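Residue numbers (my numbering): 3 to 680.
Every residue, glycine too, gets a C-beta built ideally from N, C-alpha and C.
All values reported here derive from a predicted model rather than from experimental measurement.
I have placed the structure first, in the form of structure tokens, so that the comments after it can refer back to it.
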Ligand code: WTA
């Protein structure tokens with residue numbers, strides 16, 4: 003496989019010097035959920051896998067499991083086999099006795115003049131039950147059916163997810179910013195008969211038309227011979243239709259109207275097997291189509307509840323705000339399932355962090371008394387640029403902050419710590435992936451000092467290893483870059499790729515598998531697809547993806563997906579996408595295209611290609627620049643050399659190009675890049 007991204011990432015890593023430690027304040031340490039360093043003994047390899055009972059015991063089980071980890075069909079791990087559990091019960095019902103009247107969800111609308119809504123656990127219980135009844139009775143949904151959600155950041159999204167979980171229906175939430183076409187692809191792949199959406203929502207001060215995307219998605223699915231039977235539509239403002247698109251008779255159902263007939267209905271939570279799938283989360287991988295990561299009920303919920311408690315340090319009395327989107331795994335695990343399993347108050351914010359100005363998050367924190375804050379380096383960089391002194395104006399106090407999703411530059415980390423955190427919060431830099439369910443590497447906030455730019459050591463019970471290209475282990479603490487893998491299974495790991503078990507094995511386990519057909523988990527290290535170094539203190543620094551995935555503003559995009567979108571434009575013969583560094587977003591895609599004979603380059607064509615990417619995927623995938631080139635740099639076997647394009651895009655030396663079939667194009671490309679304004 004041709005490698006493209008690791009070079010530049012590794013260079014950045016090398017230029018980052020070792021940073022000094024920061025210590026969590028004593029006030030944090032004395033109240034922390036996890037203060038006992040013995041946890042690492044309890045989770046030592048000798049105690050694996052039974053140690054994970056401690057996590058599972060944070061939940062309420064109808065029936066305990068017979069076997070903690072079944073490896074008989076390796077690497078399809080089965081956790082807590084024989085156990086019976088319901089995720090909706092664990093996130094809602096069981097809190098009623100003690101916390102009935104406590105806020106479960108604070109909903110912050112983007113428009114500041116709209117009041118914040120506070121949904122108590124009792125109200126959540128009522129609404130989840132009514133929605134579960136509707137899904138079952140109106141849509142005829144049953145255990146194991148899949149439902150696609152394409153919803154914005156509103157409490158109805160959490161309610162819908164929990165309603166699905168209550169009756170054993172597998173939800174697949176697609177990020178609201180994805181296009182109707184991207185949604186259709188996921189509807190078809192998951193085999194959903196029902197699509198649940200909202201008419202519109204606010205972003206950047208304007209009402210977005212989400213219903214239009216549902217119409218496109220259904221039409222697109224139909225063109226592939228796939229019928230969506232029902233589209234359930236929440237109204238952003240109940241009683242008012244906020245989209246210009248009319249309802250389709252017989253297909254569209256306005257939820258807040260339809261729910262009226264279910265008022266007061268209660269639905270017993272289904273006693274689900276621990277390994278029943280809870281949800282699918284589509285993500286980008288090395289090949290064209292996004293893949294549906296299938297997460298379990300018992301193992302997943304145990305892992306996110308425990309990591310929310312021990313790494314996020316959530317206590318029931320905390321006000322916790324994770325500013326991620328529920329359309330990504332971070333939102334599933336650390337806005338909905340983890341915090342609600344612990345009876346926390348979780349904030350859902352509808353809009354942009356910088357709307358109407360860069361003081362907004364700090365006003366929200368002040369108004370709600372948020373004391374745990376969770377976001378991404380991209381958001382931190384954007385807030386820092388737009389309002390470096392804003393946090394000082396507001397009277398809020400964070401005890402704990404998280405950064406997730408991308409490497410964070412030490413300088414940005416320090417602004418987060420000193421200015422946002424007012425030097426009084428513990429910070430965790432959590433490394434993990436959609437596939438993992440929950441955190442893999444992070445400091446335990448009361449036990450390890452923080453080191454800017456490093457995720458930290460592995461979590462209790464997680465045993466990473468860094469391999470070189472040939473499968474040799476890079477010695478512990480060697481500070482040498484390699485491919486990070488996890489030696490052992492853990493309860494949060496996804497179960498398979500929906501509908502594609504072979505790809506699951508090939509992509510994640512084949513690379514460093516020690517013995518084909520083995521039933522011993524020791525033979526199946528999990529291949530994460532990230533480069534990493536481990537320094538002498540055991541802390542891991544993540545260098546970024548080593549495959550064809552670009553991490554744009556913390557969103558995972560496949561270069562192949564963007565290339566296929568460009569190829570939908572009839573004039574385009576070939577397309578190649580490479581990542582370029584961006585001050586705010588970390589990485590952005592640059593798109594190179596070669597045209598078919600007879601087609602003429604023009605600004606209009608560049609625009610059209612860019613637009614194709616937006617409609618096929620999402621505005622988040624929009625290229626920084628579309629470069630129409632006469633010729634792509636190619637190997638003698640005809641493969642496009644993306645490494646060379648990446649070097650051109652970032653103004654770096656392309657290295658040895660003598661092996662190219664057409665080395666002369668490199669000079670032309672350079673000239674083009676130098677004269678173009680980006
Ligand atoms: C990257 C997001 C550096 C990494 C939870 C990974 C990180 C990909 C960090 C997964 C971090 C995530 N430091 N890089 N703390 N966390 N990444 O699936 O490249 O959307 O493979 O899951 O984000 O992105 P995903």
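- Scanning the stretch 353-424 for uninterrupted alpha helix (DSSP H) segments of 4 residues or longer gives 362-370, 379-388 and 412-417, listed from N- to C-terminal end.
- According to the DSSP secondary-structure assignment, residue 512 is paired through a beta bridge with no residue.
- Residue environment: residue 113 is assigned as exposed (fewer than 16 neighbouring CB atoms within 10 Å of its CB, all protein chains considered).
- Residue 390 sits exposed, since fewer than 16 C-beta atoms from the chains shown fall within 10 Å of its C-beta.
- The stretch 388-403 makes contact with the stretch 358-369; the number of CB pairs closer than 8 Å reaches 3 or more.
- Around the beta carbon of residue 139, a 10 Å sphere encloses fewer than 16 other beta carbons of the protein chains shown; the residue is thus reported as exposed.
- Listed in chain order, the alpha helix (DSSP H) runs fully inside the stretch 456-522 are 503-510, counting runs of at least 4 residues.
- Where residue 163 is concerned, the enclosing alpha helix (DSSP H) starts and stops at 157-168.
- Taking the C-beta atoms as reference points, residue 376 is found nearer than 9 Å to residue 336.
- An exposed status is given to residue 239, since fewer than 16 other beta-carbon atoms sit within 10 Å of its beta-carbon.
- Cβ contact annotation for residue 542 (same chain, cutoff 6 Å, sequence separation greater than five): 443, 457, 534 and 536, in chain order.
- The closest CA to that of residue 85, considering only 614, 247, 277 and 512, is found on 277.
- At a threshold of 8 Å, residue 504 does not count as near ligand 1, since its beta carbon sits no closer than that to any of the ligand's heavy atoms.
- Relative to ligand 1, residue 547 has its C-beta within less than 8 Å of a heavy atom.
- Considering only 162, 559 and 156, the residue with the shortest C-alpha distance to residue 150 is 162.
- When only Cα atoms are considered, residue 68 and residue 82 end up about 7 Å apart.
- Within the chosen limit of 8 Å, ligand 1 reaches the beta carbon of residue 409 through at least one heavy atom.
- Under the 8 Å Cβ criterion, the stretch 459-468 counts as touching the stretch 37-47, having at least three qualifying pairs.
- Residue 316 holds the alpha-carbon nearest to the alpha-carbon of residue 448 among 554, 316 and 470.
- Contact check for residue 103 against residue 127 fails: the beta carbons are separated by 9 Å or more.
- Inclusion of residue 553 in the 8 Å shell around ligand 1 follows from its C-beta lying nearer than that to a non-hydrogen atom of the ligand.
- Rounded to whole angstroms, the gap between the alpha carbons of residue 670 and residue 482 is 36 Å.
- Counting along the chain, residue 644 sits inside the alpha helix (DSSP H) bounded by residues 644-651.
- In the three-state reduction of the DSSP assignment, residue 94 falls in the coil class, being assigned neither a helical nor a strand state.
- The beta carbon of residue 311 is closer than 7 Å to those of 35, 60 and 344 in its chain, skipping five residues each way along the sequence.
- The criterion of a C-beta distance shorter than 9 Å is satisfied by residue 563 and residue 286.
- Counting along the chain, no beta strand (DSSP E) covers residue 145, and no H or E run does either.
- Non-local beta-carbon contacts of residue 186 in its own chain, meaning distances under 7 Å to residues more than five positions away in sequence, involve 219, 222 and 223 in chain order.
- Per DSSP, the unbroken alpha helix (DSSP H) holding residue 138 starts and ends at 123-139.
- Per DSSP, residue 298 is one residue of the beta strand (DSSP E) stretching across 293-298.
- Along the stretch 195-251, the beta strand (DSSP E) occurs as fully enclosed runs of 3 or more residues at 196-200, 202-205, 208-211 and 232-236, listed in sequence order.
- Apart from sequence neighbours up to five positions away, the residues of its chain that approach residue 130 with a beta-carbon distance below 8 Å are 90, 94, 161, 164, 165 and 168, ordered along the chain.
- Relative to ligand 1, residue 328 has its C-beta separated by 8 Å or more from all heavy atoms.
- In this structure, DSSP gives residue 553 an extended state, which the three-state scheme calls strand.
- Assigned with DSSP and collapsed to three states, residue 302 falls in helix.
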